[in-house]
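Novice:
In UniProt numbering, the protein residues as written are 1 to 355.
#1: Restricting to Cα atoms, I'd like to know which of 110, 168, 106 is closest to residue 42.
#2: Please confirm whether residue 78 and residue 236 have their CB atoms less than 7 angstroms apart.
#3: Taking a contact to mean a Cβ-Cβ separation below 7 angstroms, would you say residue 292 touches residue 260 in this structure?
#4: For the stretch 90-99 against the stretch 276-288, do three or more pairs of beta-carbon atoms, one drawn from each stretch, fall closer than 8 angstroms, so that the two count as touching?
#5: Helix, strand or coil for residue 277 per DSSP?
#6: Label residue 352 either buried or exposed according to how many other C-beta atoms from any shown protein chain fall within 10 Å of its C-beta, with 16 as the threshold for buried.
#7: What residue ranges within the stretch 145-211 form continuous beta strand (DSSP E) runs of no fewer than 3 residues, ordered along the chain?
#8: CA-CA distance, residue 227 and residue 114?
#9: Roughly how many angstroms separate the alpha carbons of residue 205 and residue 229, rounded to a whole number?
#10: Compute the Euclidean distance between the alpha carbons of residue 20 and residue 304, then round it to the nearest angstrom.
#11: By Cβ distance below 7 angstroms, which residues in the same chain neighbour residue 254 in space, the five residues on each side in sequence not counted?
#12: Which of helix, strand or coil does DSSP assign to residue 70?
#13: Should the stretch 189-196 be regarded as contacting the stretch 104-114, the criterion being three or more beta carbon pairs within less than 8 angstroms?
#14: Assuming contact is defined by CB atoms lying nearer than 7 angstroms, are residue 154 and residue 327 in contact in what I supplied?
#15: In angstroms with no decimal places, state the Cα-to-Cα distance between residue 272 and residue 84.
#16: Taking 7 angstroms as the threshold (C-beta atoms), are residue 97 and residue 297 in contact?
#17: When burial is assigned at 16 or more other CB atoms within 10 Å of the CB, is residue 63 buried or exposed?
#18: How would you label residue 175, buried or exposed, when you count the other beta carbons within 10 angstroms and need 16 or more for buried?
#19: Tell me, to the nearest whole angstrom, how far the beta carbon of residue 57 is from that of residue 179; I am working on the premise that it is less than 8 angstroms.
#20: Should residue 1 go down as buried or exposed, given a rule of 16 or more other Cβ atoms within 10 Å for buried?
#21: The alpha helix (DSSP H) with residue 241 in it runs from where to where?
#22: Is residue 3 buried or exposed, if buried means 16 or more other CB atoms sit within 10 Å of its CB?
#23: Classify residue 79 as helix, strand or coil using the three-state DSSP reduction.
#24: Go ahead and pull the three-state DSSP assignment for residue 20.
#25: To the nearest angstrom, how far is the alpha carbon of residue 282 from that of residue 269?
#26: Would residue 69 and residue 161 be called neighbours here (beta carbons separated by less than 7 angstroms)?
Pasting the structure below:
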């Protein structure tokens, strides 16, 4: 049982050893299937946090989650993988960016859950709730249909990956990061060849680059972004690692190099304010710092996914898609599609207002 493996990872900072991939796979299966007790699962997560998870251990948890999740070849695009504990102090640029990318012909997968520790911030699910869409009542087929129509797939992760739902309560009680904080972002619901992956600390660049290589993404960008997200800063350079063909290279992306650097205003962020700024940007307005942040993030991701030959070309492409209203129209189409699908759910009523 898991006790034997727990002894190996729980011998303290100096005495603990990394599990082999097969050992970690067994531990992950026991944990996600709740074949271990709550105390054993909590102890394992704590021990791994102290020891620091190895690449093999992370990969095992990712693969077990993937094996129990619904994953669809609905689109060959980019997965935008930010922290599930949300935002507290920054604009959710990746949300607006997704509709610009889809308008440019690059499908996008977004995913998340209700807020989690350690940050307990605003999540993508909170943004959908603000739009009148309840992710927990959103059918998988409705999400897939909206993706086919618009190129943007939103996945309520706990509805598509049951292990995450089983362990949500325990993670809330623990109130700290666990191996799942990484694994949940890499379930890859859309089988995306490209990945934008947010991290908090540059000390994990090497481990994450090896992990993403093992997971066989065609190209991935590891981003030490705002609040540990996949969003590039607009007021200063961002450290990133590009992973391709088993090689990782450090890339500093400086908004000043493209004439975009601008300090964003301080905002008391709420879900309503996040949506208001998102819609302002997609309509071609709002504070210039937020517009620039969306343009930079979209251009870099288009370049990563080989849709444009340079970031500069990506900036021109994305600016045109916002200026001519294409990105806004796609956002409205996606939102209305999900609102209509929710209206059709039994025992749930909502009013659909077409923007």
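Glycine included, each C-beta is placed from N, C-alpha and C at the ideal position.
Specialist: Taking the definition as stated:
#1: 168
#2: no
#3: yes
#4: yes
#5: helix
#6: Confidence at residue 352 is low in this model, with a pLDDT of 37, below 50, so its placement is unreliable and no value can be given for it.
#7: 152-156, 194-198
#8: 17 angstroms
#9: 14 angstroms
#10: 32 angstroms
#11: 237
#12: coil
#13: yes
#14: no
#15: 19 angstroms
#16: yes
#17: buried
#18: exposed
#19: 7 angstroms
#20: exposed
#21: Taken as a continuous stretch (DSSP letters only), residue 241 belongs to no alpha helix (DSSP H), being part of the beta strand (DSSP E) at 238-244.
#22: exposed
#23: strand
#24: coil
#25: 18 angstroms
#26: yes
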